[in-house]
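Colleague: Protein chains in written order, with UniProt numbering: chain A, 1 to 233; chain B, 1 to 233. In this text, a Cβ means the ideal position worked out from N, Cα and C, and glycines have one as well. Sharing a structure below in structure tokens format, with a few things to ask.
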DNA sequence: TGGTACCCATGATCTATGTCCAGTTGTGAC
DNA sequence: GTCACAACTGGACATAGATCATGGGTACCA
């Protein structure tokens, strides 16, 4: 029995394209790896040497200007794919925001394997097209939205992406939900293209307006989801 | 002889993955279409019904907020691929910036064809991965760069993308190059997440500093490429 | 050759957000 | 417990870029 049979993302990651025999072959060239919060798996600008599937945890993709400003260009969750297949350099670093578990492959091995398995490549293509859509939507936010619109959009996105892992919707209160952010205030600022102070002020404003509650630094209770949707623009 | 044999992007578009027999089959489900400047091929939010290859011209991909602010999320050139294969809605409109010629396919037909031709899907995957890299790089610009850095980055990107079609490098003057922009001032603003006034002021500043010259509204002569690189941050 | 409509440049203001800094809260070590 | 450090909040002020307003080019059409 291959260890993949026990994998929690077996049916959601790109591996879902493979039958058990193929999966065994893929498993033979990969290995699982644990990463602690804050640790990097890939660095910006280095040659692409490895790719991976996320099994557990949340990781950020980020780029920096030479003088140290940072922009988070993507966030990946369990079952998401990481890395740049088919050559080239990695345009962004990949760093764990929480403790994480990933299934890593040498990029060369993975490239060769995927070229022989069109169903896998097809899954990867669908996933990449989806990621491109999501990224382009985020460009509208970065280029054209105000700080308050950015914050509202961020909280909505978080409540959608964290469903199941860090976000619970109570059947009694459909307009209300609770989430545990995998981000510090600075990281939220780096996602939204704002400063930490602006993010902090937006949080307190939303709290004062009764739209959210902040039980602790990493916890957010959305009290009025519709108000957020209206504010997201 | 299929009409593809005469196609100028035959060896650069995703079609390059196909042999002449396969190409004939693809050609049978596609047709060329001329688009005049300003005309749209795909509208934001509509179901994805067609995909296409660009043969001639330049087109923009853009999204809008409900109250009319626009962000250009991508620009496509000859040999680039347009549209969203494998279902879903189009997240952005596609509009010609110049007169253009494209090779269009029904999305359903194309989906079916590509699933039967892994080499085509592979090309499409490589192209999509490249586009995702480029898009993520642009996020750093939108989220973290100043107006002057944005303008410098824009002019550099233009001089790179237009090489061959609208940009000439003179061997005598390697630090100098000429380009014909496919954008109005407003469209440049929509690419950079700025207003038209800021774009205009940046142009005159760069001109006054001797970094560029502006022979006409759509023409830019870069006089000091290195200065632009330094300013792009 | 004059009209008209768009596109662009530029000056004068305004304001959202950045910057700087001081104070507070939470957390983990010993 | 308390010490030390990092994360966060919030006030005061500065400013890049937006907004508003005007006038000049340039192309197109009659």
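(1) Leaving out the 5 sequence neighbours to the left and right, which residues in its chain are closer than 8 Å to residue 29 of chain B when beta-carbon positions are compared?
(2) Here's a check: name, in chain order, each residue in its chain whose Cβ is nearer than 6 Å to the Cβ of residue 218 of chain B, leaving out the five neighbours to either side.
(3) Can you give me the C-alpha to C-alpha distance between residue 101 of chain B and residue 136 of chain B, rounded to a whole angstrom?
(4) Here's the rule I'm using: 16 or more other beta-carbon atoms within 10 Å means buried, otherwise exposed. How should residue 63 of chain B be labelled?
(5) Can you tell me whether DSSP reads residue 63 of chain B as helix, strand or coil?
(6) Need the endpoints of the beta strand (DSSP E) that residue 213 of chain A sits in, please.
(7) Using the Cα positions of residue 32 of chain B and residue 103 of chain B, report the straight-line distance between them to the nearest angstrom.
(8) Tell me, please, whether the segment 147-161 of chain B touches the segment 150-161 of chain A by the rule of three or more beta-carbon pairs shorter than 8 Å.
(9) So is residue 221 of chain B buried or exposed if we call it buried at 16+ other beta carbons inside 10 Å?
(10) Would you mind giving the Cβ-Cβ distance between residue 60 of chain B and residue 49 of chain B, rounded to the nearest angstrom? I have them listed as a contact below 8 Å.
(11) Report the neighbours of residue 95 of chain A on chain B: residues whose CB is nearer than 7 Å to its CB, in chain order.
(12) Check the Cβ-Cβ distances between residue 160 of chain B and every residue of chain A, and say whether any is below 8 Å.
(13) Could you work out which residues of chain B lie near residue 85 of chain A, taking near to mean beta carbons separated by less than 9 Å?
(14) Under 8 Å Cβ-Cβ, which residues of chain A neighbour residue 136 of chain B?
(15) What is the DSSP secondary structure of residue 18 of chain A, reduced to helix, strand or coil?
(16) In angstroms with no decimal places, state the Cα-to-Cα distance between residue 237 of chain A and residue 54 of chain A.
(17) Cβ of residue 18 of chain B within 8 Å of Cβ of residue 120 of chain B?
(18) Report all residues from its chain with a CB closer than 8 Å to the CB of residue 115 of chain B; omit the five preceding and five following residues, and keep chain order.
(19) Sorted by chain position, which residues of the same chain lie with C-beta nearer than 6 Å to residue 80 of chain B's C-beta, five sequence neighbours on each side aside?
(20) In the DSSP assignment, find the unbroken beta strand (DSSP E) run with residue 148 of chain A in it and report its ends.
(21) Got a sec: which bits of the segment 94-119 of chain B sit with their beta carbon under 8 Å from any beta carbon on chain A, in order along the chain?
(22) Please name the residue or residues paired with residue 203 of chain A in a DSSP beta bridge.
(23) Check the Cβ-Cβ distances between residue 44 of chain A and every residue of chain B, and say whether any is below 8 Å.
(24) Under 7 Å Cβ-Cβ, which residues of chain A neighbour residue 143 of chain B?
(25) Since residue 158 of chain B and residue 73 of chain A should fall inside the 8 Å C-beta cutoff, what is the C-beta to C-beta distance between them, to a whole number of angstroms?
(26) Under a three-way DSSP split, which group does residue 219 of chain B fall into?
(27) I'd like the span of the beta strand (DSSP E) that includes residue 178 of chain B, first residue to last.
(28) Name the chain B residues whose beta carbon is nearer than 8 Å to that of residue 132 of chain A?
(29) Does residue 68 of chain B come within less than 8 Å of chain A when only Cβ atoms are used?
(30) Just the Cα atoms here: how many angstroms apart are residue 188 of chain B and residue 70 of chain B?
(31) Are the C-beta atoms of residue 139 of chain B and some chain A residue less than 8 Å apart?
(32) Assuming residue 44 of chain B and residue 92 of chain B form a contact by the criterion Cβ under 8 Å, report the distance between their Cβ atoms to the nearest whole angstrom.
(33) Alpha carbon to alpha carbon, what distance is there between residue 193 of chain B and residue 144 of chain A?
(34) State the beta-bridge partners of residue 103 of chain B as determined by DSSP.
(35) Based on the DSSP secondary-structure assignment, which residues constitute the bridge partners of residue 89 of chain A?
(36) Roughly how many angstroms lie between the CA atoms of residue 200 of chain A and residue 185 of chain A, to the nearest whole one?
Modeller: Judging by the given coordinates:
(1) Counted from its first residue, the second chain places residue 29 of chain B at position 29. Apart from sequence neighbours up to five positions away, the residues of its chain that approach residue 29 of chain B with a beta-carbon distance below 8 Å are 105, 106, 109, 110, 113, ordered along the chain.
(2) On the second chain, position 218 is the one that residue 218 of chain B refers to. Same-chain partners within the cutoff: 180, 181.
(3) Start at 1 with the first residue of the second chain, and residue 101 of chain B comes out as number 101. Start at 1 with the first residue of the second chain, and residue 136 of chain B comes out as number 136. Computed Cα separation, rounded: 28 Å.
(4) Locating residue 63 of chain B in the second chain gives position 63, counting from the first residue. A residue is called buried when at least 16 other Cβ atoms come within 10 angstroms of its Cβ; residue 63 of chain B meets this threshold and is buried.
(5) Walking along the second chain from the start, residue 63 of chain B turns up at place 63. Note: residue 63 of chain B maps to strand in three-state DSSP.
(6) In the first chain, the residue the question calls residue 213 of chain A occupies position 213. Run containing residue 213 of chain A: 212-216, per the beta strand (DSSP E) assignment.
(7) As a working mapping, residue 32 of chain B is identified with position 32 in the second chain. As a working mapping, residue 103 of chain B is identified with position 103 in the second chain. Using only the alpha carbons, I get a separation of about 4 Å.
(8) Fewer than three beta-carbon pairs drawn from the segment 147-161 of chain B and the segment 150-161 of chain A are found closer than 8 Å, and the two stretches are therefore not classed as touching.
(9) Residue numbering aside, residue 221 of chain B sits at position 221 when the second chain is read from its first letter. The residue in question, residue 221 of chain B, is exposed, as its Cβ has fewer than 16 Cβ neighbours within 10 Å.
(10) Here residue 60 of chain B refers to the residue found at position 60 when the second chain is read from its first residue. Here residue 49 of chain B refers to the residue found at position 49 when the second chain is read from its first residue. For a cut-off of 8 Å, the C-beta gap from residue 60 of chain B to residue 49 of chain B is around 19 Å, too long to register as a contact.
(11) Residue 95 of chain A sits at position 95 when you count from the first residue of the first chain. Chain-ordered listing is empty here: chain B has no CB closer than 7 Å to the CB of residue 95 of chain A, the nearest sitting near 15 Å.
(12) Position 160 of the second chain, counting from 1, holds the residue named residue 160 of chain B. Not one chain A Cβ lies under 8 Å of residue 160 of chain B.
(13) On the first chain, residue 85 of chain A is found 85 positions in, with the first residue counted as 1. Residues of chain B whose Cβ lies closer than 9 Å to the Cβ of residue 85 of chain A are, in chain order, 125, 126, 129.
(14) Position 136 of the second chain, counted from the first residue, corresponds to residue 136 of chain B. The contacting residues are 61, 63, 73, 74, 91, 92, 135.
(15) Indexing the first chain from 1 puts residue 18 of chain A at position 18. Residue state for residue 18 of chain A is assigned as coil, using DSSP reduced to three classes.
(16) This structure cannot settle anything about residue 237 of chain A, because the visible part of chain A is limited to 1 through 233.
(17) Here residue 18 of chain B is taken as the residue at index 18 of the second chain, counted from 1. Here residue 120 of chain B is taken as the residue at index 120 of the second chain, counted from 1. In contact: residue 18 of chain B and residue 120 of chain B (Cβ atoms closer than 8 Å).
(18) Taking the second chain and counting its residues from 1, one reaches residue 115 of chain B at position 115. So the qualifying residues of the chain are 121.
(19) In the second chain, residue 80 of chain B corresponds to position 80, counting from 1. Non-local beta-carbon contacts of residue 80 of chain B in its own chain, meaning distances under 6 Å to residues more than five positions away in sequence, involve 54 in chain order.
(20) As a working mapping, residue 148 of chain A is identified with position 148 in the first chain. First-last for residue 148 of chain A: 147-161, but that is the alpha helix (DSSP H), not the beta strand (DSSP E).
(21) For the segment 94-119 of chain B, which is checked against every Cβ of chain A, the residues closer than 8 Å are 115, 118.
(22) Taking the first residue of the first chain as 1, we reach residue 203 of chain A at position 203. None; residue 203 of chain A has no bridge partner.
(23) In the first chain, the residue the question calls residue 44 of chain A occupies position 44. It does not; no Cβ of chain B falls within 8 Å.
(24) Here residue 143 of chain B refers to the residue found at position 143 of the second chain. Within chain A, the residues whose beta carbon sits less than 7 Å from that of residue 143 of chain B are 71, 142, 193, listed in sequence order.
(25) Numbered from its first residue, the second chain carries residue 158 of chain B at position 158. Numbered from its first residue, the first chain carries residue 73 of chain A at position 73. The beta-carbon separation of residue 158 of chain B and residue 73 of chain A, rounded to 22 Å, does not stay under the 8 Å limit for a contact.
(26) Translated into positions along the second chain, residue 219 of chain B becomes position 219. The answer is strand: DSSP assigns residue 219 of chain B an E or B state.
(27) What you label residue 178 of chain B is simply residue 178 of the second chain in a count that begins at 1. Here the beta strand (DSSP E) through residue 178 of chain B covers 177-180.
(28) Taking the first residue of the first chain as position 1, residue 132 of chain A is located at position 132. 128, 131, 132, 135, listed in chain order.
(29) Taking the second chain and counting its residues from 1, the one referred to as residue 68 of chain B is at position 68. At a cut-off of 8 Å between beta carbons, residue 68 of chain B makes no contact with chain A.
(30) Numbered from 1 along the second chain, position 188 holds the residue referred to as residue 188 of chain B. Numbered from 1 along the second chain, position 70 holds the residue referred to as residue 70 of chain B. So the alpha carbons of these two residues sit roughly 11 Å apart.
(31) Position 139 of the second chain, counting from 1, holds the residue named residue 139 of chain B. Residue 139 of chain B counts as touching chain A.
(32) Residue 44 of chain B sits at position 44 when you count from the first residue of the second chain. Residue 92 of chain B sits at position 92 when you count from the first residue of the second chain. The pair is a contact, with the Cβ atoms about 5 Å apart (cut-off 8 Å).
(33) Position 144 of the first chain holds residue 144 of chain A. Position 193 of the second chain holds residue 193 of chain B. Whole-angstrom Cα-Cα distance: 6 Å.
(34) Your numbering for residue 103 of chain B matches position 103 in the second chain. Here residue 103 of chain B is bridged, per DSSP, to B:32, B:53.
(35) Here residue 89 of chain A refers to the residue found at position 89 when the first chain is read from its first residue. Answer by DSSP bridge pairing, in chain order: A:47.
(36) Along the first chain, one-based indexing puts residue 200 of chain A at 200. Along the first chain, one-based indexing puts residue 185 of chain A at 185. Between residue 200 of chain A and residue 185 of chain A, the alpha-carbon positions lie close to 7 Å from each other.
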